[in-house]
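Enquirer: Chains as they are written, first to last, in our numbering: chain Z, 1 to 376; chain H, 1001 to 1413. Okay, here's the structure, questions in a sec.
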């Protein structure tokens, strides 16, 4: 008798092998997905259960994640793959609830001007839609309090930079119909929030922050550009007198975070920041194409295909018809922007927004429209 | 003009003799615009379409295979076999062929992508993509370059010299139809060429050949071992084998017929190798237009042919989503008409008949079939016998005489 039949592992492995033989060239999961896309062992997905408007241009999605969701720590973000006009796009959004009793997760999205995905989520997403997920990630989480000592924190947030912070605050200070619940674990934290927004009605979660402030859970310093003028970080010490005792967590646009870093560096204060969009890609004409596996760098003009110019520079490339019809030349672009020479259409790969494998491009009909990184 | 260099035969004219270079360029601009109109409006509805077809196919395949677990009962056998045949046809035609063309790559769904898709066929997707997407679609109907024309086993044009072995080509073609997926696999791996040129020891060939064998082994295991073994519980082992064999054969006959209709019927042009030297994009377009043929019919017919019923549109724009070919077909047809070109489109039965008629006609010496009547049959058979058994000299002499007679007949008519 073979041992593989005796051990469950061996038995299960054999069963899987037989199931794979039965479904070839598909895999058993392809058929199981027809019935149970959120089951254990499935690729990680979630189903949108409800959508709640927060402001005129922001909404919270409550999502039931698949069985293999490993949970998260408040402050972390999730990468979500959502189809917009039939095209899958990936974006990172903060989880805006601490782990919930019902196992659901939520993200809050603000529609940014020209934001393909954020506008789709806020205005066109529908309950019941399946989305793709990656496990929660991110280091922007609450520090563990030292026993017997109060942890003094300052959150500096701007606009939708409030979202990871609201996830942390909700976890510390859950709000029920009866009001804020005082948990033992939240007693260890002393929190000030400096929140910057263009105006009060446009500010996501302003009511939640005000409620927490009124309940005495946090001290809120709200700065609305239309009321208080643009925040000058030189005023931070006035707004937060005990600034020096606090550990600062900043989340918001790059400009604010850069200023905050300069401010804190000058004073030797501790600072943790979170920024989702690290790269802004602007299309131009041509650029250096980096072949990340071989280390080759080819300076390409914007008028001819990458394939042609890389080959001239001695890079061995997969190729085929050279006219865009056979798809033998596709390579993953991890970062960068290319222009379809036939149509002028741009394809952009932004790390953190595109699938982790990159965006597949046809090198025979695309020209560099900026610096590019190809996985080749 | 480089596109069709062939000297027209008797009774034939060069179909693009009336078009200037400027005409071709203007036509190309219009075609580019048609392509762009689809690219611009590609979106959610298209994504929903392919997902729905995939879901339907998987449900049908699963359901049919479950029913076949009891295939010992004749109604179950009939229902299961019919369902599995349709599922296999959908899988190969509307799903596999089109995904492997990159028609759905724009969705950025890694599961429905030309780089990851593997299909229910003896030929591995990677090898097929090379032979089909690269060679066939690039060199459409160029004799000696596009082996899809006759798959290297048939005489497909009057200009190819007739040899006695061509007499057998209707039979080869039928056998090829029955085992089409294996024929394609052998063709994609260039088995015949490797054997002819004695390059079977070549490492590249070895590697690809092994990949084909591995793929065939997995296909055979599924259809003829695992599924029948699961059916054995109800005593349906052999009947499930029969069901899978039948479904595979139905799929082979169907796909062979559809594919024959694409480039083989009468009225479709073939091109000389020399004709594509320095070919421009407009000339490439016109070669695709004249080298392909469509099947007219219902929406169901289009889906079951993988929209290869719109072969002309597919060859012009191989990477547009298949569900959109029907929508651009009237525009393409209108363009053919305005430029005085023949849009070769007929119902399936007529195209299949036409293609088979051509196979038979070309299996015989040029003109033989045309001038054979019941009255002169004995004489014609004698002549054919002489050409078959005689050497090249006899063949040439008799062919020359036949060509002359044909010319005279054409003049008299």
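By construction, the Cβ of each residue, glycine as well, lies at the ideal position given by its N, Cα and C atoms.
Chain Z partners of residue 1036 of chain H, CB-CB under 7 angstroms?
Expert: Within 7 angstroms Cβ-Cβ: 343.
Enquirer: Rounded to whole angstroms, what is the Cα-Cα separation between residue 1399 of chain H and residue 1405 of chain H?
Expert: Approximately 10 angstroms between the Cα atoms of the pair.
Enquirer: Assuming residue 1330 of chain H is part of the alpha helix (DSSP H), what are its boundary residues?
Expert: Note, residue 1330 of chain H: alpha helix (DSSP H), 1325-1338.
Enquirer: Give me, in chain order, the residues of the same chain whose beta-carbon lies closer than 6 angstroms to that of residue 129 of chain Z; leave out the 5 immediate sequence neighbours on both sides.
Expert: Around residue 129 of chain Z: 48.
Enquirer: Report the three-state DSSP secondary structure of residue 152 of chain Z (helix, strand or coil).
Expert: Reduced to three states, the DSSP call for residue 152 of chain Z is strand.
Enquirer: Count the other C-beta atoms from every protein chain shown that fall within 10 angstroms of the C-beta of residue 1064 of chain H, then say buried if there are 16 or more, exposed otherwise.
Expert: Buried, since its Cβ has 16 or more Cβ neighbours within 10 Å.
Enquirer: With a cut-off of 8 angstroms, does the C-beta of residue 1109 of chain H fall near any C-beta of chain Z?
Expert: Yes, its Cβ sits closer than 8 angstroms to a Cβ of chain Z.
Enquirer: Tell me whether the segment 1310-1326 of chain H and the segment 321-338 of chain Z touch, counting them as touching only if at least three CB pairs, one residue from each stretch, are closer than 8 angstroms.
Expert: Touching, yes.
Enquirer: Considering residue 1261 of chain H, what are the terminal residues of the alpha helix (DSSP H) in which it resides?
Expert: Looking at the DSSP string, the run of the alpha helix (DSSP H) that includes residue 1261 of chain H is 1237-1263.
Enquirer: Got a sec: is the Cβ-Cβ distance from residue 155 of chain Z to anything in chain H below 8 angstroms?
Expert: Cβ-Cβ to chain H under 8 angstroms: no for residue 155 of chain Z.
Enquirer: Exposed or buried, which one is residue 90 of chain Z when buried takes at least 16 other CB atoms within 10 Å?
Expert: Buried: at least 16 other Cβ atoms inside 10 Å.
Enquirer: Does any C-beta atom of chain H lie closer than 8 angstroms to the C-beta of residue 56 of chain Z?
Expert: Taking Cβ atoms only, chain H never reaches closer than 8 angstroms to residue 56 of chain Z, which makes this a no.
Enquirer: Could you name the residues that DSSP lists as bridge partners for residue 300 of chain Z?
Expert: DSSP, once it has assigned bridges, lists Z/287 as partnering residue 300 of chain Z.
Enquirer: Check residue 333 of chain Z in the structure and name its three-state DSSP category.
Expert: In the structure shown, residue 333 of chain Z sits in a strand (DSSP, three-state: E or B).
Enquirer: Quick one: what does DSSP say residue 83 of chain Z is sitting in, helix, strand or coil?
Expert: In the structure shown, residue 83 of chain Z sits in a strand (DSSP, three-state: E or B).
Enquirer: Span of the alpha helix (DSSP H) holding residue 1034 of chain H?
Expert: Here the alpha helix (DSSP H) through residue 1034 of chain H covers 1021-1041.
Enquirer: Return the residue from the list H/1411, H/1269 and H/1165 that minimises the CA-CA distance to residue 1365 of chain H.
Expert: Of H/1411, H/1269 and H/1165, the residue nearest in Cα terms is H/1165.
Enquirer: Measure the C-alpha to C-alpha separation of residue 172 of chain Z and residue 155 of chain Z and round it to an integer number of angstroms.
Expert: Their backbone Cα atoms lie some 14 angstroms apart in a straight line.
Enquirer: Is the segment 1231-1245 of chain H touching the segment 1068-1075 of chain H in the sense that three or more CB pairs, one from each, lie closer than 8 angstroms?
Expert: As far as the Cβ criterion goes, the segment 1068-1075 of chain H touches the segment 1231-1245 of chain H, which means the pair count is three or higher.
Enquirer: Would you call the segment 171-190 of chain Z and the segment 222-232 of chain Z in contact, with 3 or more CB pairs under 8 angstroms?
Expert: Cβ pair count under 8 angstroms is below three, so no.
Enquirer: Please decide whether residue 34 of chain Z counts as near chain H, where near means a Cβ-Cβ distance under 8 angstroms.
Expert: Answer yes: the Cβ-Cβ gap between residue 34 of chain Z and chain H drops below 8 angstroms somewhere.
Enquirer: For the beta strand (DSSP E) that residue 1063 of chain H lies in, which residues bound it at each end?
Expert: Where residue 1063 of chain H is concerned, there is no enclosing beta strand (DSSP E), although the alpha helix (DSSP H) it sits in stretches over 1044-1068.
Enquirer: Would you call residue 6 of chain Z buried or exposed, if buried means 16 or more other Cβ atoms sit within 10 Å of its Cβ?
Expert: Because residue 6 of chain Z sits at a pLDDT of 49, beneath the cut-off of 50, its placement in the model cannot be relied upon, and the point is left open.
Enquirer: To be precise: take each residue of the segment 58-87 of chain Z, compare its Cβ to all Cβ atoms of chain H, and keep it if any distance is under 7 angstroms. Which residues remain?
Expert: Here the close residues are 83, 85, 86 and 87.
Enquirer: Between residue 1106 of chain H and chain Z, is any beta-carbon pair separated by less than 8 angstroms?
Expert: Interface residue, yes.
Enquirer: Could you spell out the range, first to last residue, of the alpha helix (DSSP H) harbouring residue 378 of chain Z?
Expert: Here chain Z covers residues 1 to 376 and nothing more, so residue 378 of chain Z does not appear.
Enquirer: Is there a Cβ of chain H sitting closer than 8 angstroms to that of residue 31 of chain Z, yes or no?
Expert: Closer than 8 angstroms: yes.
Enquirer: Residues in the same chain with beta-carbon distance under 6 angstroms from residue 1006 of chain H, minus the five sequence neighbours each way, listed in chain order, please.
Expert: Reliability fails at residue 1006 of chain H, whose pLDDT of 49 lies under 50, so the model's placement of it is uncertain and no value is given.
Enquirer: Taking 8 angstroms as the CB-CB limit, is residue 4 of chain Z close to chain H?
Expert: For residue 4 of chain Z, the pLDDT reaches just 43, beneath the cut-off of 50, and the residue's location in the model is therefore unreliable, although a value from the coordinates is still provided. Not closer than 8 angstroms to any Cβ of chain H, the Cβ of residue 4 of chain Z fails to qualify, so no.
Enquirer: Is it right to say residue 107 of chain Z is buried, meaning 16 or more other beta carbons lie within 10 angstroms of its own, or is it exposed?
Expert: With 16 or more other Cβ atoms within 10 Å, it is buried.
Enquirer: So is the beta-carbon of residue 1315 of chain H under 7 angstroms away from any non-hydrogen atom of the ligand NAD?
Expert: This structure does not include the ligand NAD; it has no bound ligands of any sort.
Enquirer: Give the C-beta separation of residue 164 of chain Z and residue 75 of chain Z to the nearest angstrom, bearing in mind that I take them to be a contact with Cβ-Cβ under 8 angstroms.
Expert: Correct: roughly 5 angstroms between the Cβ atoms.
Enquirer: Since residue 221 of chain Z contacts residue 193 of chain Z with CB under 8 angstroms, what's their CB separation in whole angstroms?
Expert: With 8 angstroms as the limit, residue 221 of chain Z and residue 193 of chain Z qualify as a contact, their Cβ atoms being about 7 angstroms apart.
Enquirer: Find the residues of chain Z that neighbour residue 1302 of chain H, judging by a C-beta separation of less than 7 angstroms, and give them in chain order.
Expert: Correct list: empty, because the minimum Cβ distance to chain Z is about 21 angstroms.
Enquirer: Considering only their Cβ atoms, is the gap separating residue 1024 of chain H from residue 1283 of chain H smaller than 8 angstroms?
Expert: In this structure, residue 1024 of chain H lies closer than 8 angstroms to residue 1283 of chain H by Cβ.
Enquirer: Is the distance from the Cβ of residue 291 of chain Z to the Cβ of residue 315 of chain Z below 8 angstroms?
Expert: The answer is yes: Cβ separation under 8 angstroms.
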